[in-house]
Amino acid sequence: MDGKGNNAPAIGIDLGTTYSCVAVWKHERIEIIPNDQGNRTTPSSVAFADAERLIGDGAKNQATMNPANTIFDAKRLIGRRFSDGKVQEDMKLWPFKVIQGPANTPKIVVSYKREEKEFLAEEISSMILGKMKETAEAYLGKPVKDAVITVPAYFNDSQRQATKDAGAIAGLNVIRMINEPTAAAIAYGLDNKSDINGKINVLVFDLGGGTFDVSILTIEQGGGTFEVKAVGGDTHLGGEDFDNRMVDHCAREFKRRYNKDLSENKRALGRLRFACEKAKRILSCSTQTSIELDGLHEAIDFSMKFSRAKFEELNMSFFNKCMETLKACLSDATIEKSCVNEVILVGGSTRIPKVQCMLQDFFEKKKLCKSVNPDEAVAYGAAVMAAKLTGNNNKSCRDLMLMDVTPLSLGIELIGELFDVIIPRNTPIPTKKSKIHSTVCDYQVCVDIKAKEQELQITICWGAPRGFGQFNDIFEIDANGILTVTSEIISTGKTEKLMITNENGRLSKEEIEKMIEDADKYKQEDQEYKKKADAFNALEDCIYNMKNKIKSMKKSRKLRKMEDAIVDTAKWIKHNQAASVDEVHRMKEDLETICK
Ligand code: AMP
């Protein structure tokens, strides 16, 4: 789609843990699209209330008043199992409820329009993606269909699949998923075209709200060719963890001072989290701040000083972990730190002075590149890729060449702990590799396909005596980093495809279709609610105007009639909140007629 037809051009979406951002190629350059509040990034939050659903700024703004029904951190849940240790850890701090759904999938429970509803992380993410789609549609004035969505480089297959499903539920055609640090490197390459001569090595250090990625790339051809050499990271490390450590610290201090435990008080925890995040940002430019919360718990006011040194002490283990990951990544890429030409900072948490200081020390006082906007670079790069994939003829898009890698080693667990790697980590993608295996015990029924370091279980079932069953296991990773496994029996002489059961709790086609229907229904309800809210607002505006008008009028029968009509209309509003949009419009017309 080139934007000349009925559809808008393809967009790039950075679906972040805490904030999301959308961009598009327009007027021969990338534009970051502001949302309806004029903000260039949108909180990745969804709130459910008695009357409406709020997404983005509206949701975040009311979070402390409605903590149990304001959902954030869906990216920390997506593609994970309920029993995952990280999910269990996070659940202790989330003010909203998560339960175990079928196939060990986590489900978020909220009260929406006074009814209990359960949502998968994919659905919550789809609501955020839907909001980004709407933001782009409002800006471009056309329906948006195609999108490139970014994911952390260290996301595994399940997390990628689930993100792609979230895109489909939002009504998007996900033309490609690219890794966040790679997208940031594209933004850097485009901005520094004229300065890139020959081949340069760049290291992208991407520390966001919930995830950490480090990527080492070479950029060539005047900023047109990007080759990822190695990636490393942690899909559960970011600003939210730093906030959590601060919240824990404050809760401990509260307990010490007042001997009261606030861990069960969701509202208090929500308020504390909000205050800590704000304090953390202040500590990036000041060395001292304070947290003040009136009536935090059992009517006790809480006030406490927080120093930058304390913040650093609380989070030092996380910062050290980032540095260890970075060193391992350099070693995987076989690149000496002295050969890194640029260190690019991406993600809001790279504003933390200690993080910058540790990086600078490690790279021996090398200047860190802060020329790309840490909050927008990822969406920027995604939009360039979107333009390229949809045939944009601009030279920068045409010349763009991207070679990415897979972050995790994939293979088969043969017997016991023996792990046979088929695709090693940092293999360029797309890729297809196969290996022949035999059954290792009589009538073996299952074999687990695993991603080293992260659990990803796909079970292949068969039954053959030991050594008799020979299988060709084919692993294929596409350009999105998504894995397909097929296994062929070769011992029988004829090649037969084996049954492969994916136990990742993936959504079926039917489930996705049902969720698309639900998403449309919620969207329609939102639109109806907005129409009604607008109609009531217009009616109240009309009352206000009429009240002003009559101020300067002399006493008369007409004036009395107008005063009565104003009082009656105000009463009507109070008692008829369930009225239809048409009824509200009619009331306004009647009032206008009387007051003409
Ligand atoms: P991102 O996912 O890249 O939007 O990053 C969002 C994260 O960056 C959140 O955890 C924010 O609290 C954090 N963040 C944003 N600005 C700052 C700052 N000035 N200092 C420390 N953390 C920040």
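Numbering (UniProt numbering), first residue to last: 1 to 596. Backbone N, C-alpha and C fix where the C-beta goes; we use that ideal spot for every residue, glycine too.
Asked                                                                                                       : Found
4 or more residues per run - each alpha helix (DSSP H) lying fully within the segment 299-384               : 308-333 and 353-362
beta-carbon residue 19 near ligand 1 non-hydrogen atom, thresh 7 Å                                          : yes
Close Cβ partners of residue 453 (< 7 Å) along its chain, the five nearest in sequence each way excluded    : The predicted model places residue 453 with a pLDDT of 48, which falls under 50 and marks its position as unreliable; any figure quoted below should be read in that light. Around residue 453: 408.
Residue 65 (DSSP reduced to helix, strand or coil)                                                          : coil
The alpha helix (DSSP H) enclosing residue 534, as first and last residue numbers                           : 509-551
Extent of the continuous alpha helix (DSSP H) run through residue 565                                       : 557-575
Environment of residue 161 [buried if 16+ CB atoms lie within 10 Å]                                         : buried
Residue environment, residue 159, which counts as buried when at least 16 other CB atoms sit within 10 Å    : buried
Closest by C-alpha distance to residue 122, when choosing among 513, 400, 582 and 581                       : 513
Touching by the beta-carbon criterion (3+ pairs, under 8 Å), the segment 224-233 and the segment 288-301    : no
Paired residues, beta bridge with residue 470 - DSSP                                                        : 438
Of the residues 263, 265, 311 and 297, the one placed nearest residue 278, counting alpha carbons only      : 311
Check whether residue 531 and residue 581 have beta carbons under 8 Å apart                                 : yes
Length-filtered (3 minimum) beta strand (DSSP E) runs lying within the segment 204-242                      : 212-220 and 225-234
Where residue 593 falls: helix, strand or coil (DSSP)                                                       : helix
Residue nearest to residue 541 in terms of C-alpha spacing, selected from 589, 523, 509 and 124             : 589
Inter-residue Cα distance where the pair is residue 11 and residue 125                                      : 17 Å
Inter-stretch contact (C-beta, 8 Å, three-pair minimum) for the segment 257-277 and the segment 177-190     : no
Coarse secondary structure for residue 578, derived from DSSP in three states                               : coil
Residue closest to residue 537, alpha-carbon to alpha-carbon, out of 585, 320, 519 and 118                  : 585
Within 8 Å, strictly: CB atoms of residue 167 and residue 147                                               : yes
Residue 351 beta carbon near ligand 1 (any heavy atom closer than 7 Å)                                      : yes
Touch test, the segment 103-118 against the segment 39-57, Cβ-Cβ under 8 Å, three pairs minimum             : yes
C-alpha gap between residue 75 and residue 194, whole angstroms                                             : 36 Å
First and last residue of the uninterrupted alpha helix (DSSP H) at residue 90                              : 85-91
Cβ neighbour criterion (16 or more within 10 Å) applied to residue 577                                      : exposed
For residue 192, the three-state DSSP class (helix, strand or coil)                                         : coil
N-terminal and C-terminal residue of the alpha helix (DSSP H) that residue 139 is part of                   : 121-140
The segment 237-251 / the segment 315-322 touching (three or more Cβ pairs under 8 Å)                       : yes
Cβ pair residue 553, residue 569 closer than 8 Å                                                            : no
When 406, 284 and 294 are compared against residue 272, the one with the closest alpha-carbon               : 294
Cβ neighbours of residue 339 in the same chain (closer than 7 Å, five flanking residues each side left out) : 201
At least three beta-carbon pairs within less than 8 Å, the segment 384-394 to the segment 12-25             : yes
Rounded straight-line distance, which links the Cα of residue 267 to that of residue 276                    : 14 Å
Residue 147: first and last residue of the uninterrupted beta strand (DSSP E) it sits in                    : 146-151
In DSSP terms, what residue 177 is bridged to                                                               : 149
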